[in-house]
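Line by line, the protein sequences are chains A and B. Going by full-length UniProt numbering, the first sequence opens with residue 1, and the numbers climb by one from there. Going by full-length UniProt numbering, the second sequence opens with residue 1, and the numbers climb by one from there. A quick write-up on the structure given underneath.
Number of protein chains: 2
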Amino acid sequence: MNEERALPIDSLDATEMPDGLPRQEPVAAVRPSQVADRQLPEATLSRLTGYLRVLTSLQADGQHSASSGVLAEAAGVNPAIVRKDLSLLGSYGTRGVGYVVSELSQHISKALGLTQEWRVAIIGAGNLGRALAGYGGFRNRGFDVVALIDADPQLVGQRIGELVISDGTDLAAVIARDQANMVVLAVPAAAAQPLCDELVKCGISSILSFAPVPLQVPAGVHLRKVDLATELQILAYHAQDVD
Amino acid sequence: MNEERALPIDSLDATEMPDGLPRQEPVAAVRPSQVADRQLPEATLSRLTGYLRVLTSLQADGQHSASSGVLAEAAGVNPAIVRKDLSLLGSYGTRGVGYVVSELSQHISKALGLTQEWRVAIIGAGNLGRALAGYGGFRNRGFDVVALIDADPQLVGQRIGELVISDGTDLAAVIARDQANMVVLAVPAAAAQPLCDELVKCGISSILSFAPVPLQVPAGVHLRKVDLATELQILAYHAQDVD
DNA sequence: CTGTGTGAAGTTTTTCACAGCT
DNA sequence: AGCTGTGAAAAACTTCACACAG
């Protein structure tokens, strides 16, 4: 298997959906005995995924170890922050040497929760939903797309790659049948919030939405948003003075 | 659709690595005379796009004005930060009342550079590229998709919606013909960097990449990245303790 | 009185810089 | 000598809280 990917760049920002309310305490009670695995800063988190990609490439290249400097350059960040990020997972580096590629890769995967199986249901079999269903980048990274769902009877039953579009009118049943534990929402804006509510009722607590609307989810449900128009708008802003 | 590519870790600082400075764009030496329009914080920027969306729907609802509280709730943020963000554009609110929807909408659009025409070329007519070409959310927001480009002769000439896939072997010609000033890269990982370089040569300075690789671009070129796998990985992390 | 605009306080994240392993 | 791990300083960003305009 020579699956390979290369370095990340510095995926910043991204749209950030807050958990909703101005909560005060996230649930206190830190576990001092446990490694401080939990509660990695959001910023660290997105860099970690980048390091992981770099490490995968390095591993494919047969590199045994790498210093924070090398990782930093490949990931497009500052070496100090690489060390700080990694030290949050525990200290797995060797002074004077760096980090053992395979080992670090393991640790990060574990910290990110990638060792467990993630079963993704894609809701919305329109252009985007179908494109996502065919995207190899998910499966390669441990995310198994187990269902492609739409409420349109015209689409139900149609075959897309290895998937057959399931009937979304009984969402709970499909989610349960395919044992999805994560959902990608690729539906029109108007449909997003109602679906979101329904998903929460089904027990889904991780949702990646492509719908260009702010969604409200109860605390405890994790929602991330990818907003294509927003990305272009931000580019437009930056491009103004350059063009 | 997995492409791979042995990454040239050792040769990655070709383009933009600074000579020793903190990789920033020191281009501007602070222009006090210039309006403080430029240089909106990145965080503010992504919220502004959110407000814009909220305003659009308020406008459609016939609302004449809205307070920071209303905007904040709809956008899922804190009212104070709405006021702070908006005050960075200048003070367009009325004390005791709020903001005039249509007016504010204008101001934000202008600040984001959305008043000019943006002509987007999508490179890569695979699943994702085609899906993006058919995505209405771009045009609605002032981004005109003027070309869908691929180098595969099998695809060239094929019609997708209102677009005909253009031949990417002479990228410069297509970009020039269609007068694109922004590019969306929806190509396999291996193709991304070379294309990126070529685009820069064509004078493109705003690129939105979906390729899961870090891309190097010279200073002055704006690159944003959307990484689907990263999003799922971050969700996975958060979901660990919940599931 | 209502709701903006904003200094000041608070919080989070990044960078610096260096002691201390290997 | 080289590079990690980390306090401490700096910067960025958010929230508070209140004077004051309408």
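Note that the Cβ used here is the ideal one computed from N, Cα and C, for glycine as well.
- For Val97/A, not one C-beta of chain B is nearer than 8 Å to its own C-beta.
- Ser65/B places its beta carbon 8 Å or farther from that of Gly90/B.
- If you ignore the 5 residues before and after Gln193/A, its C-beta comes within less than 8 Å of the C-beta of Val213, Leu215, Gln216, all in its own chain and listed in chain order.
- Straight-line measurement puts the Cα of Leu128/A at about 11 Å from the Cα of Leu228/A.
- Inclusion of Leu195/B and Val187/B in the CB contact set at 8 Å is warranted, their separation being smaller than that value.
- Here the C-alpha atom of Asp150/B lies approximately 5 Å from the C-alpha atom of Gly124/B.
- Judged by beta-carbon spacing, Ala147/A lies within the 8 Å limit of Leu163/A, meaning their Cβ atoms are closer than that value.
- In the DSSP secondary-structure assignment, Ala125/A is not bridged to any residue.
- The beta carbon of His107/A is closer than 6 Å to those of Leu89, Tyr92 in its chain, skipping five residues each way along the sequence.
- A direct Cα-to-Cα measurement between Ala60/B and Arg47/B gives close to 20 Å.
- Runs of alpha helix (DSSP H) with 4 or more residues, each lying fully within the segment 66-121 of chain B, are found at 68-75, 79-87, 101-112, listed in chain order.
- Each of Leu223/B, Trp118/B, Ile160/B was checked against the Cα of Leu132/B, and the nearest Cα belongs to Ile160/B.
- Ser209/B places its beta carbon 8 Å or farther from that of His222/B.
- In chain order, Ala147, Ile149, Val174 place their CB closer than 6 Å to the CB of Ser166/B, counting only its own chain and leaving out the 5 sequence neighbours on each side.
- Shown here, Leu215/A sits in coil according to DSSP, grouped into three states, outside any helix or strand.
- Put simply, of Ile81/B, Gly69/B, Ser109/B the residue whose alpha carbon is nearest the alpha carbon of Gly96/B is Gly69/B.
- Here the alpha carbons of Ser57/A and Val101/A stand approximately 10 Å from one another.
- When secondary structure is reduced to three states using DSSP, Ala229/B falls in the helix class.
- Under DSSP, the beta-bridge partners assigned to Ala147/B are Ala121/B.
- Against Gln158/A, chain B offers no close residue; the least beta-carbon distance is about 15 Å (beta-carbon pairs closer than 9 Å).
- Of the candidates Met182/B, Pro79/B, Ala75/B, Pro153/B, the residue whose Cα lies closest to the Cα of Tyr237/A is Met182/B.
- As far as DSSP is concerned, Ser57/A takes part in no beta bridge.
- In the structure shown, Asp152/B adopts coil according to DSSP, grouped into three states.
- In the DSSP assignment, Val184/A falls within the beta strand (DSSP E) that extends over 182-185.
- DSSP places His64/B outside both helix and strand once states are collapsed to three, so it counts as coil.
- Close CB contacts of Arg130/A within its chain, under the 8 Å cut and outside five residues either way in sequence, are with Leu148, Ile160 (chain order).
- Put simply, the CB of Glu231/A is near chain B, with a gap under 8 Å to one of its CB atoms.
- Looking only at Val120/B, Pro153/B, Gln154/B, the smallest Cα-Cα distance to Arg139/B is reached by Val120/B.
- Cβ-Cβ distances below 7 Å link Thr44/A to Asp85, Leu88 in the same chain, with the five nearest sequence neighbours on each side left out; the list follows chain order.
- Per DSSP, Asp178/A lies in no beta strand (DSSP E) segment; the continuous alpha helix (DSSP H) that holds it begins and ends at 171-178.
- For His107/A, not one C-beta of chain B is nearer than 8 Å to its own C-beta.
- Not a single C-beta of chain B is nearer than 8 Å to the C-beta of Val145/A.
- Val164/A carries a strand assignment under DSSP once its states are collapsed to helix, strand and coil.
- Inter-residue distance for Ile204/A and Ala176/A is about 10 Å (C-alpha atoms, whole angstroms).
- Among the CB atoms of chain B, none fall inside 8 Å of the CB of Arg119/A.
- Not a single C-beta of chain B is nearer than 8 Å to the C-beta of Gly124/A.
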